[in-house]
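Chemist:
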Amino acid sequence: MGCGVSKSTPKVAAPPPKPRLMELTDERHQMLKDTFAIMDADKDGSLDLDEFTKSAAGIEGHDVNKITALFHFFDSAGDNARSGKNDGKLTFDEWVVGMRKLYVNRDMTDEQFDSEMKAIVDLGKAMQPSAS
Ligand SMILES: [Ca+2]
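Anchor point for the sequence shown: position 32 equals 31 in numbering that gives the first Met the number 0, and the numbering is continuous, going up by one each time.
1) Over what stretch of residues does the alpha helix (DSSP H) that includes T67 continue unbroken?
2) With which residues is K88 paired in a DSSP beta bridge?
3) On the three-state DSSP scale, how would you describe V103?
4) Taking Cβ to Cβ, would you say L46 is nearer than 7 Å to M38?
5) Count the other CB atoms, across all protein chains shown, that sit within 10 Å of the CB of L23; report buried if there are 16 or more and exposed otherwise.
6) Report the rounded CA-to-CA distance for F51 versus L101, giving the unit in angstroms.
7) Since D33 is in the alpha helix (DSSP H), which residue starts that stretch and which ends it?
8) Confirm the yes/no value for this check: CB of S45, any heavy atom of ligand 1, distance under 6 Å.
9) Closer than 6 Å to a non-hydrogen atom of ligand 1 - does that hold for the CB of D41?
10) Between the C-alpha atoms of W94 and V11, what's the straight-line distance to the nearest angstrom?
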């Protein structure tokens, strides 16, 4: 076999490109806040899997596995103990961090973000029992 000797030149370890989290403007922050409030059907300040599933059905269709995976993605998105990482509830902090991670390296226009959020909000509203 005529294998040539391949010289391996030591590569200078280039630092991996830093993931660019979605830019969080005041407007987007407010939108996330509104969305969270609507998804939080029992208003206890956190989203459980049930609340999340009802709202997320609009994003992922009715694929329970996908929604559950997404829920755990968010639940582990918090960066500190305060946000209750992996405790089965999504805090607002996890929701914000999760959304920024979800849209990482994606250049979204405000319009795109707006329409994605609106889809969730509309669905959340449809889930609300009509006030009597
Ligand atoms: Ca809740």
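No residue lacks a Cβ here, since even glycine has one placed at the ideal position from N, Cα and C.
Modeler: Short version:
1) As a working note, residue 67 is residue 68 in the sequence shown. It spans 63–74 - the alpha helix (DSSP H) in which T67 sits, taken as one unbroken run.
2) Working through the sequence shown from its first residue, we reach residue 88 at position 89. In DSSP, K88 forms a bridge with D47.
3) For the purposes of this step, residue 103 is identified with residue 104 of the sequence shown, where counting begins at 1. In the three-state reduction of the DSSP assignment, V103 falls in the coil class, being assigned neither a helical nor a strand state.
4) Locating residue 46 in the sequence shown gives position 47, counting from the first residue. Locating residue 38 in the sequence shown gives position 39, counting from the first residue. Note that the C-beta distance between L46 and M38 is below 7 Å.
5) Here residue 23 refers to the residue found at position 24 when the sequence shown is read from its first residue. Exposed.
6) Numbered from 1 along the sequence shown, position 52 holds the residue referred to as residue 51. Numbered from 1 along the sequence shown, position 102 holds the residue referred to as residue 101. Approximately 15 Å between the Cα atoms of the pair.
7) Translated into the one-based positions of the sequence shown, residue 33 becomes position 34. Its alpha helix (DSSP H) spans residues 25–38.
8) Indexing the sequence shown from 1 puts residue 45 at position 46. The answer is yes for S45.
9) Translated into the one-based positions of the sequence shown, residue 41 becomes position 42. Within the cutoff, so yes.
10) Start at 1 with the first residue of the sequence shown, and residue 94 comes out as number 95. Start at 1 with the first residue of the sequence shown, and residue 11 comes out as number 12. For W94 and V11, the distance between alpha carbons rounds to 37 Å.
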